[in-house]
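Residue 289 in UniProt numbering sits at position 289 of the sequence shown, and the numbers go up by one each step. First up is the structure itself, then whatever we jot down about it.
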Amino acid sequence: MNDIMIIANPSAGKKQAEEYAKKARDVLGKQNREAQIRLTEKKEDISNLAIEAACKQYKSIIVLGGDGTVSELANGLIDQDYKPSIGIIPSGTVNNIARGLNISVNPEEAVRDLTACREQKADVGKINGQLFLSSISAGSLPETVWEVSDDQKERYGTAAYFIEGIRTLREEECYDFEMEVDGVSHNKKLSLLLIGASHSVMGIPQFFNDAGVDDGHLYMLGVEESTISEKLSIFSQLLSRKSTLNESQEKAFVLPFKQAEIKTDHPDVHVAIDGEKGPSFPAHVEVLPGFLTFLVPSEKG
């Protein structure tokens, strides 16, 4: 069995991913671990290297990049019987997946944490045959995700999403969604439909306060047509980490679930998956409990 494959996206993290890959190799080498660095040139390389690592039965994959890179890696493993454990050195814009696993978003610290880590099983979501590890979303606000250019992401980081988001709040468009969630029918007119696989969404820890990485559930947030002040009230309550949204908000709801069928009559509505443009509706969404194993810092539990 091979030991560790380090996969680095050279364009990520202000072009420093390759530097951190070498640091990770050196840190692991001091623990008598053998690590090989593989650099990607295009998006498809990530999933192809993941498949290679699985077929050659590497013990672990260490991936450097953002949510899109980690998501692409996971999808490369979707049909593999053997799946190496996955370590993340975050070097993207938001790094929701790492945050959800309590992995430091500071690359230097994440490299150091490789010396004392443990394995953590984690649930993942699946939509129309594609995995997501952080969140999927649809509506006016999520469309800003793929309207943010790579240059904006590199220059402004997380703020790039919020700049576009604030603009979109004044250009709200609602869509009719027909949903069957764990066998129960719901018909909602929503400006935002968001489903998370962990507590971290949009770079905000504990966005879904009750969510755990291995609790066997996905979490759905729906926001109905509302004023800017009502939206601010909704998100302020979410950020306050209180679990009372369903009790105090008429324009929003949070729903844990395992499986959902979601339809809309609007052909131009797409889903954003882990920060990238995804499929159109209808959508079959389900949780895959404990599907992947991650390397997380031991001291962070």
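We put the beta carbon where it would ideally sit given N, CA and C, even for glycine.
For residue i, the first and last residue of its enclosing alpha helix (DSSP H)
i	result
G100	N96 to G100
A22	According to the sequence as given, residue 22 is Lys; it is not Ala. Looking at the DSSP string, the run of the alpha helix (DSSP H) that includes K22 is A17 to G29.
C174	Segment: none, C174 is in no alpha helix (DSSP H) and carries neither H nor E.
P205	From DSSP, P205 is part of no alpha helix (DSSP H); its letter is neither H nor E.
A110	P107 to D113
N48	K43 to C55
Residue from the options whose Cα sits closest to the Cα of residue i
i	options	result
Y58	E41, D81, G65 and G68	D81
I78	I136, Y20 and F291	F291
M5	I234, C55 and G66	C55
K42	R25, L73, S60 and L28	L73
F257	S85, Q237 and G183	G183
L232	L193, Y219 and A252	A252
P282	I127, Y20 and L192	I127
S226	F207, Y175 and I97	Y175
L255	L218, E224 and S229	L218
I7	G29, Q36, E286 and K23	Q36
G76	L101, G212 and E44	E44
I46	M202, G65 and K30	G65
T69	E52, P84 and N95	N95
G203	A98, K23, Q31 and I136	A98
D3	I61, L101 and E286	I61
residue 316	T40, A17 and R38	Here the chain covers residues 1 to 301 and nothing more, so residue 316 does not appear.
E52	P289, P84 and A24	P84
Run of the beta strand (DSSP E) containing residue i, from where it starts to where it stops
i	result
V296	A283 to P297
I263	At residue 263 the sequence reads Lys, which differs from the Ile that was named. Unbroken beta strand (DSSP E) run through K263: Q259 to T264.
E271	According to the sequence shown, residue 271 is Val rather than Glu. Unbroken beta strand (DSSP E) run through V271: H270 to I273.
A8	I4 to A8
K188	V184 to G196
R38	A35 to L39
M220	L218 to E224
Residue i, DSSP secondary structure in three states
i	result
D123	strand
P267	coil
L133	coil
V213	coil
Q237	helix
I78	coil
S11	coil
S91	coil
S229	helix
S104	coil
G66	coil
ask   = Hey, is the region 103-113 in contact with the region 274-293, meaning 3+ C-beta pairs nearer than 8 Å?
value = The region 103-113 is not in contact with the region 274-293.
ask   = Are the region 260-267 and the region 86-93 touching, with three or more C-beta to C-beta distances below 8 Å?
value = Under the three-pair Cβ rule at 8 Å, the region 260-267 does not count as touching the region 86-93.
key: the region 109-121 / the region 187-201 touching (three or more Cβ pairs under 8 Å)   = Result no; under three Cβ-Cβ pairs closer than 8 Å.
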